DNA sequence: AGTATGACTCATT
DNA sequence: AAATGAGCCATAC
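Here it is in structure tokens:
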């Protein structure tokens, strides 16, 4: 986990989330909770979602399609430019998506807590 | 300034 | 096994 700024408000949280997401290898995915856990804010998975929402405004771009909920469902697809974009991007990376859910999710799962340990 | 609402997850019914 | 409640906390209204 990266050090927290000395400010009382921790605005580096979003930055940390984006850094982690950018390190997800192509064809792999992770979850909001895994990222939250890796950053030490285990119970704030919702904030990771907010970080993704804001990720569209920052550069370099963040592969937000590689972040799904803990069931492997594309819960954030509705927030992309078009609802089908997230699924398309994942399919293009070799991930099979059926009914808004990643097939063989556990095989594609990339856990930052383990991989970035 | 108070309430509501999530791209979530876990514990308890 | 499915539904419900509860933390979480930044934004929106």
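Numbering (our numbering), first residue to last: 193 to 309. Ideal Cβ placement from N, Cα and C applies to all residues, glycine included. As the structure is a computational prediction, the values presented were derived from the model and not from experiment.
Nearest-angstrom Cβ-Cβ length linking residue i and residue j, presumed shorter than 8 angstroms
{"i": "residue 241", "j": "residue 268", "result": "7 angstroms"}
{"i": "residue 294", "j": "residue 221", "result": "6 angstroms"}
{"i": "residue 258", "j": "residue 216", "result": "5 angstroms"}
Close beta carbons around residue i, own chain, < 7 angstroms, minus the five adjacent residues each side
{"i": "residue 218", "result": "285"}
{"i": "residue 303", "result": "222 and 226"}
{"i": "residue 260", "result": "221, 223, 266, 267 and 294"}
Residue range of the alpha helix (DSSP H) that includes residue i
{"i": "residue 207", "result": "204 to 214"}
Own chain partners of residue i with C-beta closer than 6 angstroms, once the 5 adjacent residues on each side are dropped
{"i": "residue 256", "result": "244 and 247"}
{"i": "residue 230", "result": "304 and 305"}
{"i": "residue 194", "result": "A caution first: residue 194 carries a pLDDT of 37, below 50, which makes its placement in the model too unreliable to give a value."}
{"i": "residue 291", "result": "none"}
Same chain, Cβ closer than 8 angstroms to residue i, five either side skipped, listed in chain order
{"i": "residue 228", "result": "234, 235, 236, 237, 239 and 240"}
Segments of 4+ residues assigned as alpha helix (DSSP H) that fall wholly inside the region 218 to 296: 224 to 230, 237 to 247 and 277 to 284
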